[in-house]
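Visitor:
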Amino acid sequence: MEGAAGSAFFYTAKLLWMLAVPSSALVFFAGLGLLVSLRHRRAGYWLTTLGILGLLICGLGPVGRALAVPLENRFPIFVDDGRPITGVVVLGGSERPDVTAARGQPALTQAGERVMALADLSRRYPQARIVFSGGSGDFERPSLSEADVVRMVLPQLGVDPARVTFEAASRNTAENAALSRDLVRPAPGERWLLVTSALHMPRAIGCFEAAGFPVVAYPVDYRTEGTPQWTRLFARVSEGLEMTDAALREWIGLVAYRMTGRIGTLFPGPTT
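Going by my numbering, the first residue of the sequence shown is number 98, and it counts up by one from there.
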């Protein structure tokens, strides 16, 4: 039953986000307005105006940064205090399995710092267990998983893939947490680092806490300087829209995960 419920949540979330993603929704409103204006000029005018203004405000204004900063600032940058590290869990999401399969060489997104952190931490903590958790978030399973891409790229970073334990079945953050827990079976008192993008860290930490897998945040892939910078415009509309899409996705994800019991609090934060 849990598997069926998990699949229903996965597909429902994917479909709803395709409709709600701000950049797409605003373009839809603008286009719809043009069609409506053929019969109802006033209504079409307002729909088109809403879409165009929304694209300009979200694309050039500080909306994306204002949404992203609270997420990125929620957990501090990790500072090694000398206590032993049992293991490291790195979440997928920075890989392009489709491009990798087509081109025959590993392709990463702008979140590639996750994989860079994996390589760095594997050298800094040679005795620690290293786990990479990432299957595919696509509707259809690609020929390669996120884990397959990372397995290909590690030798280029000087890391033996045999050093890493791969979890390649997860489709979302909740499954990352549950499957990683089942894979490593952490014991009380162990100290595990969790590596993911700072923007994604609150939801990731909430999922691991709900799964009974205590972890310490190791945020990477920062997109902001730590303040909304209210008077600073984005250089490109696409840049602002991309940040707005990414940040709003996390806020919507937090609400959806809280409503479905996948996290215990709406905005997970540090416990100490």
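Backbone N, C-alpha and C define an ideal beta-carbon position, used for all residues, glycine too.
Is DSSP giving L135 helix, strand or coil here?
Guide: The answer is coil: DSSP assigns L135 none of H, G, I, E or B.
Visitor: Are the CB atoms of R171 and G366 within a distance shorter than 8 Å?
Guide: It is a contact, given that the beta carbons lie within the stated cut-off.
Visitor: Just confirm the distance between the C-beta atoms of A214 and G184, as a whole number of angstroms; I'd bet it's less than 8 Å.
Guide: About 14 Å; that fails the 8 Å criterion.
Visitor: Where do the ends of the beta strand (DSSP E) carrying E192 lie?
Guide: Element bounds for E192: n/a, residue is neither H nor E.
Visitor: If you draw a straight line from the alpha carbon of P119 to that of G361, how long is it in whole angstroms?
Guide: Distance between the alpha carbons of P119 and G361 is about 27 Å.
Visitor: Tell me, to the nearest whole angstrom, how far the beta carbon of F126 is from that of L113; I am working on the premise that it is less than 8 Å.
Guide: With a Cβ gap of about 17 Å, F126 and L113 do not count as contacting.
Visitor: Using a Cβ-Cβ cutoff of less than 7 Å, which residues in the same chain neighbour G309 once the five nearest sequence positions on both sides are dropped?
Guide: Contacts found: R278.
Visitor: Please go through the same chain and pick out, in chain order, the residues whose beta-carbon is closer than 6 Å to the beta-carbon of T397, but skip the five residues on each side of it.
Guide: Absent from the model: residue 397. The displayed extent of the chain is 98 to 369, so no value can be given.
Visitor: In its own chain, which residues sit with a C-beta less than 8 Å from the C-beta of E210, not counting the 5 before and 5 after it?
Guide: Excluding sequence neighbours, E210 sits near S191, S294, V317 and D318.
Visitor: Quick one: grab the DSSP three-state call for S230.
Guide: Three-state result, S230: strand.
Visitor: Which residues share a DSSP beta bridge with G156?
Guide: Per DSSP, none; premise fails for G156.
Visitor: Is the Cβ-Cβ distance between T262 and L280 less than 8 Å?
Guide: Yes, these two residues count as a Cβ contact at 8 Å.
Visitor: So for M98, helix, strand or coil by DSSP?
Guide: With a pLDDT of only 39 at M98, under 50, the local geometry of the prediction cannot be trusted, and the value read off the model is given with reservation. Coil at M98, not helix or strand.
Visitor: In three-state DSSP terms, what is T368?
Guide: Correct three-state label for T368: coil.
Visitor: Taking the runs of the alpha helix (DSSP H) that are 4 residues or longer, which of them lie wholly in the segment 251 to 332?
Guide: Listed in chain order, the complete alpha helix (DSSP H) runs (minimum 4 residues) inside the segment 251 to 332 are 270 to 281 and 298 to 307.
Visitor: With DSSP as the reference, label G184 as helix, strand or coil.
Guide: Strand at G184.
Visitor: Are there three or more Cβ pairs, one per stretch, closer than 8 Å when the segment 124 to 141 is compared with the segment 282 to 292?
Guide: These segments do not touch.
Visitor: Looking at C-alpha atoms only, which residue of L131, G130, G151 and D257 is the closest neighbour of S335?
Guide: Checked all of L131, G130, G151 and D257; the closest Cα to S335 is G151.
Visitor: Where V186 and I149 are concerned, what is the direct C-alpha to C-alpha distance, given to the nearest angstrom?
Guide: When rounded, the distance between both Cα atoms is 42 Å.
Visitor: I need the boundaries of the alpha helix (DSSP H) containing V352, first residue and last residue.
Guide: Counting along the chain, the alpha helix (DSSP H) containing V352 begins and ends at V334 to M356.
Visitor: Confirm, please, whether the CB-CB distance from G179 to S230 is below 8 Å.
Guide: The answer is no: Cβ separation not under 8 Å.
Visitor: Please report how far the alpha carbon of Y315 lies from the alpha carbon of I174, in whole angstroms.
Guide: Taking the straight line from one Cα to the other gives about 7 Å.
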